[in-house]
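Asks: My structure is below; once you've seen it, I'll send some questions.
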Amino acid sequence: MLHEFGLNDYTMDHALEEFVGLRFSTIIGNIAAQTGHVFPNDAAKRYLARVRELAPVHMKAIEGTEYVIEAAQKTAETFVVSNGERNNVFAALDFTNLRRFFIDERVITGLMAPNPKPAPDLFLLAANTVNIQPQESLVIEDSTTGVRAAVAANMDVWGFVGTHHDQDAQTKRLLDLGAKACFSNMNDVLSALNEVQSA
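Numbered according to the numbering used here, the sequence shown spans residues 79 to 277.
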C-alpha cells in the first residue's frame, strides 16, 4: 500500500523489521515525519479495508496456539493485547478460531489506553482489569514493539519468532530487548509454560 501511496522505496523486509506491532497511524506518522510525504485523508480507511479483504484468505492460527491458551487458562487470567483496531482484532480471532477462548473484556486493543505499544499502557490495563501485579504477569510477544512494551510494564516476556522470516536475527533482537526466552514453535512454548506452572 505504501507503493500505492507513491512511496516506492519501502520494501517488505523494511516493513517486517520496522512496522510489525505498530498502529497503522503510527507507521504513516513516522514516515510522514521522516520524508515529508502527505498521505491521503482516507489512508487508514483504505488500509483497514485491505486487511479485511485479505484476512480470510491469508490469516490462519499458528499451529498449537489453542493448546497454549488452554494450558494458560488453567492457572492464569489470559488476555489478547494488541495495538490493532478493535474490529480487526476480533476478525483475526474469528478467522483463526481463537475468539472462543476470550470474552470481549479480555481483548485489549489499541485505543483503550492513552498510548499504544511500545508504551506499557495496554499491558498495564490488562493487569489492572483483574488486579494482577505486572511482575506476576507473563507476556508472549512476536514483535520488538511488544517486547519493549512488556519490559516497560515490568512484566516477564517470552519472544515468539515462529512466523518471522529471519528467526535467528529476530531471536537476538527480542533477547537483547529483554525477552527471557524465545521460541520458534508453540509446542516449545507449551512445554515451557508447563514447567512454570509446575514449579
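Glycine included, C-beta positions come from ideal geometry on N, C-alpha and C.
1) Roughly how many whole angstroms lie between the Cα atoms of SER262 and HIS243?
2) In the DSSP assignment, what are the bridge partners of ILE147?
3) If you check the beta carbons only, do VAL239 and LEU252 fall under 8 Å apart?
4) Going by DSSP, what residues sit across from ILE186 in a beta bridge?
5) Return helix, strand or coil for ALA216, following the three-state DSSP convention.
6) With distances taken Cα to Cα, identify the nearest neighbour of ILE140 among ALA277, THR222, LEU271, MET264.
7) Would you tell me roughly how many angstroms separate the C-alpha atoms of ALA150 and VAL229, rounded to the nearest one?
8) SER276 to SER160, Cα distance in whole Å?
9) Under 8 Å between the Cβ atoms of ALA169 and ALA227?
10) Could you tell me if GLY107 is buried or exposed, where buried requires 16 or more neighbouring beta carbons within 10 angstroms of its beta carbon?
11) Using the Cα positions of ASN232 and ALA111, report the straight-line distance between them to the nearest angstrom.
12) Alpha carbon to alpha carbon, how far is ASP246 from ARG124? Give it in angstroms, no decimals.
13) VAL274 and LYS258: beta carbons closer than 8 Å?
14) So the candidates are THR207, GLU163, ASP220; which of them puts its Cα closest to the Cα of ALA127?
15) Does DSSP put VAL235 in a helix, a strand or coil?
Replies: Per the coordinate set shown:
1) 11 Å
2) Answer is none; ILE147 lacks a bridge partner.
3) yes
4) VAL159
5) The sequence shown places Leu at residue 216, not Ala. Strand at LEU216.
6) MET264
7) 20 Å
8) 28 Å
9) no
10) exposed
11) 30 Å
12) 34 Å
13) no
14) GLU163
15) strand
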